[in-house]
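Numbering (my numbering), first residue to last: 914 to 1045. The structure appears below as structure tokens.
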Amino acid sequence: RFTCPVRKIAQPRSKTVARENGGFYIRRGPLVYALAFAHKVKAIGELGDSGFKHYGVDTVDETGWDDAIDPETEFEFERDGQGDALHPWHVPPLRIKGRLVTRAGTSVPVTLVPLGCTILRRVTFPRFKPSR
């Protein structure tokens, strides 16, 4: 039996504007968790007659795109009873629940899933700085 706490890991320094105040990603044991974005996948071509296709992937909307993380917020691990351990990329059996903060300063609930179970995602979140 392994004890794996949910941890907020400080993002390494970056020169990008979005990270100038620092940021975090969420990890539990060896897995990094991400906020999956709703998306559409469309075949846009095929490699000859091989059956191997090129796909275009677009977000459905921008919900969660700019959310930030309050360093004081706790995140909680959950097992999803509906998850499929044999095909976790379709229905992840593990998740992390918590809250992020929108640009407007509203706290919103989020469910993060293992990075490998996502196509379009956000992994790191900037540190929330309240307006004064």
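No residue lacks a Cβ here, since even glycine has one placed at the ideal position from N, Cα and C. Given the structure is predicted, the values throughout are model-derived calculations rather than measurements.
Coarse secondary structure for residue i, derived from DSSP in three states
i, result
"G936", "strand"
"L1013", "strand"
"G1029", "helix"
"E975", "coil"
"L948", "strand"
"V930", "In this prediction, V930 has a pLDDT of 48, which is less than 50 and means its spatial position is unreliable; what the coordinates show is noted afterwards. Looking at V930 - three-state DSSP - the assignment turns out to be helix."
Whole-Å CB distance - residue i paired with residue j, under 8 Å assumed
i, j, result
"T986", "R1008", "16 Å between Cβ atoms; not a contact."
"A947", "T1031", "5 Å"
"V954", "V973", "Contact flag wrong, Cβ pair sits at about 11 Å."
"F1041", "D983", "5 Å"
"G1011", "E975", "Not really, about 20 Å apart at Cβ, beyond 8 Å."
"V1026", "V945", "Contact doesn't hold; Cβ gap of about 10 Å is too wide."
Per DSSP, cross-strand counterpart(s) of residue i
i, result
"G969", "K955"
"S1020", "V1014"
"L1007", "R992"
"F1038", "F937"
"R1054", "In the structure as shown, the chain begins at 914 and stops at 1045. Residue 1054 is therefore absent and cannot be evaluated."
"A981", "V1014"
"A998", "Partner(s): none; A998 has no beta bridge."
Close beta carbons around residue i, own chain, < 8 Å, minus the five adjacent residues each side
i, result
"V930", "Here V930 scores only 48 on pLDDT, less than 50, and its place in the model should not be relied on; the value that follows carries that caveat. None."
"E991", "L1007, R1008, I1009 and K1010"
Same chain, Cβ closer than 6 Å to residue i, five either side skipped, listed in chain order
i, result
"R940", "R920 and I922"
Heavy atom of the ligand MN within 6 Å of residue i beta-carbon
i, result
"C1030", "Ligands displayed in this structure: none; no statement on the ligand MN is therefore possible."
Contacting residues, own chain, Cβ-Cβ under 7 Å from residue i (five flanking each side not counted)
i, result
"A981", "L1013, V1014, F1038, P1039, R1040 and F1041"
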